[in-house]
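Spelled out as structure tokens, the structure:
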């Protein structure tokens, strides 16, 4: 929100001191509330933060803050109310214990949407995975590119994933967010009924 002070701040002098009052239009109040909630600041602390940004320039955001801001925007776009975390991944429940939809930024320069299977029992995980794999041809007809079916023997968990290049500090971050949103909706649409038959 840098630039808001310049636009909306007014000096309010009184006998003892000068105060700066920031009056936001109603249309921006909710955006400001989300902004301070994302920063985990009080309104006064957020104004101080804005002052520092505008007087000294916006400092480079930490990687953790980049992730938190990214997930906050994604959750808001999806109409959710969950608290974003400062981590490289974010999970959504499938309605089945131990099975989640997870969005993540990998260390290899790729982003991933996955159906993650980890019930705590390796045999149960592989049974669910193999049940879905019997429907692989029909499942993959629904996706724009090939899925990665990952059931490594040395790991307890399994996953079915869709990848594309992407990093948190890429210039096309809005495109990456849109890809996550569309892909998550597709995963949920494809797997919701299938999971009922294999879990």
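In the numbering used here, the protein residues as written are 200 to 398.
The beta-carbon is built from N, C-alpha and C at its ideal position, and this holds for glycine as well.
These numbers were taken from a predicted model, which means no experiment stands behind them.
Query                                                                                                                                                                    : Result
Use the C-beta contact count for residue 313: other C-beta atoms within 10 angstroms, 16 or more gives buried, fewer gives exposed.                                      : buried
What three-state label does DSSP hand residue 319 in the structure shown?                                                                                                : coil
Have a look at residue 261 and residue 366 and give me their C-alpha separation to the nearest angstrom.                                                                 : 14 Å
On the three-state DSSP scale, how would you describe residue 294?                                                                                                       : strand
Please report the straight-line C-alpha distance between residue 372 and residue 362, rounded to a whole angstrom.                                                       : 15 Å
Residues in the same chain with beta-carbon distance under 8 Å from residue 285, minus the five sequence neighbours each way, listed in chain order, please.             : 263, 264, 266, 267
Residue 324: buried (16+ other C-beta within 10 angstroms of its C-beta) or exposed?                                                                                     : buried
Helix, strand or coil for residue 285, going by three-state DSSP, please let me know.                                                                                    : coil
List the DSSP bridge partners of residue 347.                                                                                                                            : 360
Just curious, the beta strand (DSSP E) that residue 220 is in, first and last residue?                                                                                   : 217-221
Look at residue 389 and residue 327 and say whether their C-beta atoms are less than 8 Å apart.                                                                          : no
Suppose you measure from the CA of residue 350 to the CA of residue 360; what does that come to, to the nearest Å?                                                       : 11 Å
In chain order, what residues of the same chain have a beta carbon less than 7 Å from the beta carbon of residue 240, not counting five sequence neighbours either side? : 248
Hey, how far is the Cα of residue 278 from the Cα of residue 272?                                                                                                        : 10 Å
Relative to the C-alpha of residue 310, which candidate in 377, 331, 357, 252 has its C-alpha closest?                                                                   : 377
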